[in-house]
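Count the sequence shown with this note's numbering and you get residues 606 to 757, in order.
Using N, Cα and C, we set each Cβ at its ideal position, and we do this for glycine too.
Working notes, beginning with the structure itself.
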Amino acid sequence: MVVIKPKGSTYFSLGLIVVALLAGLIFILRDFAYTGSFGLWFYLIAASLITLVLLMLLVKMLAGFRFVTAGRDQIIVKLPLRGYQKAYPIADILAWEEEVVLANKKEFRQLTVAFSDQQSIRVSNHEHEAYYELVKYLRKKAAKKEVKSKKA
Numbered sequence: 606m607v608v609i610k611p612k613g614s615t616y617f618s619l620g621l622i623v624v625a626l627l628a629g630l631i632f633i634l635r636d637f638a639y640t641g642s643f644g645l646w647f648y649l650i651a652a653s654l655i656t657l658v659l660l661m662l663l664v665k666m667l668a669g670f671r672f673v674t675a676g677r678d679q680i681i682v683k684l685p686l687r688g689y690q691k692a693y694p695i696a697d698i699l700a701w702e703e704e705v706v707l708a709n710k711k712e713f714r715q716l717t718v719a720f721s722d723q724q725s726i727r728v729s730n731h732e733h734e735a736y737y738e739l740v741k742y743l744r745k746k747a748a749k750k751e752v753k754s755k756k757a
């Protein structure tokens with residue numbers, strides 16, 4: 606049984622960034638309310654920009670919070686924040702592909718698995734634990750459904 610879950614270190618780092626952005630937003634709004642040392646246009650742009658980045662980061666964190674369990678000829682997808690859980694037999698996999706990107710001398714890998722009910726999951730080696738075990742499991746159980754990536 607392979608359990609793929611979010612890495613705690615990734616969510617801790619993103620959480621620190623969220624806290625820093627939130628503190629910055631609070632500081633800017635407090636400065637506007639009490640001292641007003643900058644022009645109105647600065648507060649409008651700064652607060653809007655920080656809020657936008659904060660919301661995008663929170664959506665990324667919440668959307669990526671999933672648990673995938675592979676074993677016993679099935680893949681179970683759990684999205685705890687939505688209260689969603691579904692088990693897919695290996696036969697329900699339409700295709701799967703592993704993408705490898707080299708950036709800054711680091712290798713980023715992302716696995717995409719498409720199921721027969723038009724759903725798909727994406728798992729990456731930097732955001733999830735046991736990524737390589739899932740790839741190994743899929744190569745063993747669903748090797749014929751792997752989409753071979755073309756090298757550019």
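In this structure, how does DSSP classify residue i when only helix, strand and coil are distinguished?
| i | result |
| --- | --- |
| V752 | coil |
| Y616 | helix |
| G676 | strand |
| R687 | coil |
| K746 | helix |
| R714 | strand |
| A735 | coil |
| F775 | This structure leaves residue 775 out entirely; the chain is present only between 606 and 757. |
| R635 | helix |
So which of the options has the shortest CA-CA distance to residue i?
| i | options | result |
| --- | --- | --- |
| V752 | K741, A700, Y736 and N730 | A700 |
| A748 | L659, V624, E703 and S614 | E703 |
| Y616 | H731, I633, K711 and Y742 | H731 |
| V658 | I681, V624, Q724 and K750 | V624 |
| G629 | T640, Y639, S618 and I655 | I655 |
| I726 | K711, Q715 and V706 | Q715 |
| V816 | Y736, L621, R671 and S653 | What the structure shows of the chain is the stretch from 606 to 757, and residue 816 is not part of that stretch, so it cannot be assessed. |
| V608 | F672, L627, I633 and F632 | F672 |
| I631 | S653, G613 and K612 | S653 |
| V740 | K711, W646, T674 and L707 | T674 |
Using a Cβ-Cβ cutoff of less than 8 angstroms, which residues in the same chain neighbour residue i once the five nearest sequence positions on both sides are dropped?
| i | result |
| --- | --- |
| Q690 | I681, V682, K683 and L684 |
| R635 | none |
| S729 | F713, R714, Q715, L716 and Y736 |
Using a Cβ-Cβ cut-off of 7 angstroms (strictly less than) and excluding sequence neighbours within five positions of residue i, which residues of its own chain qualify?
| i | result |
| --- | --- |
| L649 | none |
| Q679 | A692, Y693, P694 and I695 |
| K746 | D678 and I695 |
| L573 | The requested residue 573 does not occur in the structure, where the chain is confined to residues 606 to 757. |
Can you list, in chain order, the residues of its chain whose CB lies under 6 angstroms from that of residue i, leaving out five sequence neighbours each side?
| i | result |
| --- | --- |
| M606 | G676 |
| T640 | none |
| A638 | none |
Within the chosen definition, does the segment 711 to 729 reach the segment 687 to 699 through at least 3 CB pairs nearer than 8 angstroms?
yes
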